[in-house]
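Going down the list, the protein sequences come from chains F and A. Residue numbering for the first sequence follows my numbering, starting at 40 and increasing by one per position. Residue numbering for the second sequence follows my numbering, starting at 397 and increasing by one per position. Ideal Cβ placement from N, Cα and C applies to all residues, glycine included. The structure appears below as structure tokens.
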Amino acid sequence: MSRFKRKTEKGVQKINTASLPDIIFMLLFFFMVTTVMRETSLKVKINSPTATEIKKLEKKSLVSFIYVGQPLPSLQKIYGTEPRIQLNDVFATTADIRDFISSEREQMDELEQKQMTVSLKIDKDTKMGIVTDIKQELRKASALKINYSSRKKYTE
Amino acid sequence: MARRELSEINAGSMADIAFLLLIFFLVATTMDIDTGLSRLLPPMPEEDQQDDQSEIRERNVFVVLINKDDQLFVEKEVVDISELKELTKEFIMNPQNKSNLSEKRVDYVDFFGEVDISKGVISLQNDIGTSYGKYIEVQNELAAAVNELRNELTMQKFGRKFEDLDPLKPSESDIIEAVKKVIPMAISEAEPKKIGGN
Chain F
40 MSRFKRKTEK GVQKINTASL PDIIFMLLFF FMVTTVMRET SLKVKINSPT ATEIKKLEKK
100 SLVSFIYVGQ PLPSLQKIYG TEPRIQLNDV FATTADIRDF ISSEREQMDE LEQKQMTVSL
160 KIDKDTKMGI VTDIKQELRK ASALKINYSS RKKYTE
Chain A
397 MARRELSEIN AGSMADIAFL LLIFFLVATT MDIDTGLSRL LPPMPEEDQQ DDQSEIRERN
457 VFVVLINKDD QLFVEKEVVD ISELKELTKE FIMNPQNKSN LSEKRVDYVD FFGEVDISKG
517 VISLQNDIGT SYGKYIEVQN ELAAAVNELR NELTMQKFGR KFEDLDPLKP SESDIIEAVK
577 KVIPMAISEA EPKKIGGN
């Protein structure tokens, strides 16, 4: 009855790992495709407000960001604790917004310039005074499509 | 010269290399999709242009004001934010044709025929000291009111929710445009003006 002879010599059977690279590659490609590299490093603290009626922002290349919030704790010694505007990588004032918009616009395709959207990433504790100033500047720069960046609010 | 056998490349370390790259992309990835409330700002008026706001009659303007202490006033009365949506819906639709709520005009719109369209405009005003969080909360309630009205309309007419319509399908994008005409999202973010007393 050799059929039922136990294979005592062999330990745990080895798992075939030949397809492991394929699986890893698949994951790798997934992440490579979905990755969007962070272009700017935030210098302000932003705690976005929440909302329920939000829409997704399409086409990242047409979106410019304006950040407003308190400077990070490590920068507060230099810049204070009042909310500041950040454009690209530097702190700015409302007077710089128009130049910022026109330089962003130049980088875009001419046909797409009309669809340009400005996303306002603003901390929810910021006062409206600064936001209104920004909105006025955007109107002067005729960048009229804006988006109040906010997170999804989940209601019970 | 002795012919050597073509030796196979050892692919055993391939997984390790791929792992390394994978971990790099995992760390570098930001998955957050940007979301938010989209709005269209009014264009800057020309210098010599006259103010044409006087054409809008007072009953057609729904004044929502947030003061510097984040208190909400609707038509000069203190209101809790939970009531804002219903008030807005009532103002736009004006089901009982009250004389202090918005007027209507009759117009022809595809799919709907002759319909009443509200002339109402929501005017959202704020103070310099209003917090941004509160402002967005109010904006959200106003948008929710309009979206709910649109949902009710499409539910009645087509048995589907407005937000489920796909703008990429030509047949449905026409419906979306028509619904937007019947119930316009008329939210005006007021020009900044100095309100005394702070």
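- Put simply, of F:N127, F:T156, F:D172, F:E145 the residue whose alpha carbon is nearest the alpha carbon of T79 (chain F) is F:N127.
- By the Cβ neighbour-count rule, D523 (chain A) is buried, with 16 or more other Cβ atoms within 10 Å of its own.
- For D412 (chain A), the secondary structure class from DSSP, reduced to helix, strand or coil, is helix.
- Judged by their CB atoms, L480 (chain A) and E544 (chain A) are not nearer to each other than the 7 Å cut-off.
- In the displayed model, T165 (chain F) falls within coil according to three-state DSSP, outside both helix and strand.
- Chain A places no beta carbon closer than 7 Å to that of G108 (chain F), leaving this residue out of the contacts.
- Look at the region 415-443 of chain A: the residues with a C-beta under 8 Å from a C-beta of chain F are F415, L417, L418, F421, L422, A424, T425, T426, M427, I429, D430, T431, G432, L433, S434, R435, L436, L437, P438, P439, M440.
- Uninterrupted beta strand (DSSP E) stretches at least 3 residues long and entirely within the region 505-538 of chain A occur at 509-514, 517-522, given in chain order.
- When the beta-carbon positions are compared, K160 (chain F) and I85 (chain F) come within less than 7 Å of each other.
- For Y106 (chain F), the secondary structure class from DSSP, reduced to helix, strand or coil, is strand.
- Pairing R190 (chain F) with D162 (chain F), the inter-Cα distance amounts to about 12 Å.
- The straight-line gap separating the alpha-carbon atoms of S478 (chain A) and V517 (chain A) is approximately 20 Å.
- Across the region 535-552 of chain A, CB contacts with chain F closer than 8 Å involve Q535, N536, A539, A540, N543, in sequence order along the chain.
- Taken in chain order, the members of the region 63-88 of chain F whose beta-carbon sits within less than 7 Å of a beta-carbon on chain A are I63, F64, L66, L67, F70, M71, T73, T74, V75, M76, R77, P88.
- Interface annotation, Y193 (chain F): not in contact with chain A, CB-CB separation never under 7 Å.
- Apart from sequence neighbours up to five positions away, the residues of its chain that approach T120 (chain F) with a beta-carbon distance below 8 Å are Q109, P110, ordered along the chain.
- Rounded to the nearest angstrom, the Cβ distance from T132 (chain F) to I140 (chain F) is 14 Å, too far for a contact under 8 Å.
- Here V578 (chain A) is buried: its Cβ has 16 or more other Cβ atoms, across all protein chains shown, within 10 Å.
- At a C-beta separation below 9 Å, S569 (chain A) has no neighbours in chain F, since its nearest C-beta there lies roughly 15 Å away.
- For the pair of segments examined, the region 91-103 of chain F was found to touch the region 136-154 of chain F: the number of CB pairs separated by less than 8 Å reaches three.
- Here the alpha carbon of L417 (chain A) sits roughly 15 Å from the alpha carbon of L59 (chain F).
- A Cβ-Cβ contact shorter than 7 Å links I93 (chain F) with G432 (chain A).
- A residue is called buried once 16 or more other Cβ atoms fall within 10 Å of its Cβ, and E454 (chain A), having fewer, is exposed.
- Remark: C-beta atoms of F415 (chain A) and I63 (chain F) approach each other more closely than 7 Å.
- Approximately 14 Å separates the beta-carbon atoms of K515 (chain A) and K494 (chain A); this is outside 8 Å, ruling out the contact.
- According to the DSSP assignment, I477 (chain A) belongs to the alpha helix (DSSP H) that extends over 477-489.
- In this structure, the straight-line span from the alpha carbon of K116 (chain F) to that of K82 (chain F) is close to 13 Å.
- Within the model, the alpha-carbon separation for A182 (chain F) versus E176 (chain F) is close to 9 Å.
- Non-local C-beta neighbours of L436 (chain A) in its own chain, meaning closer than 7 Å and more than five positions away in sequence, are absent.
- Contact of P112 (chain F) with chain A is not assigned, every C-beta pair being separated by 7 Å or more.
- When DSSP states are grouped into helix, strand and coil, E473 (chain A) belongs to the strand group.
- The beta carbon of L461 (chain A) sits closer than 7 Å to the beta carbons of F469, Q521 from its chain, once the five residues preceding and following it are set aside; these are given in chain order.
- Of the residues assessed, V107 (chain F) falls on the buried side of the cut-off, its CB having 16 or more other CB atoms within 10 angstroms.
- For Y118 (chain F), the enclosing alpha helix (DSSP H) starts and ends at 115-118.
- When C-alpha distances from R137 (chain F) are compared across F:P122, F:V157, F:Y118, the shortest belongs to F:V157.
- Within the model, the alpha-carbon separation for S569 (chain A) versus P580 (chain A) is close to 15 Å.
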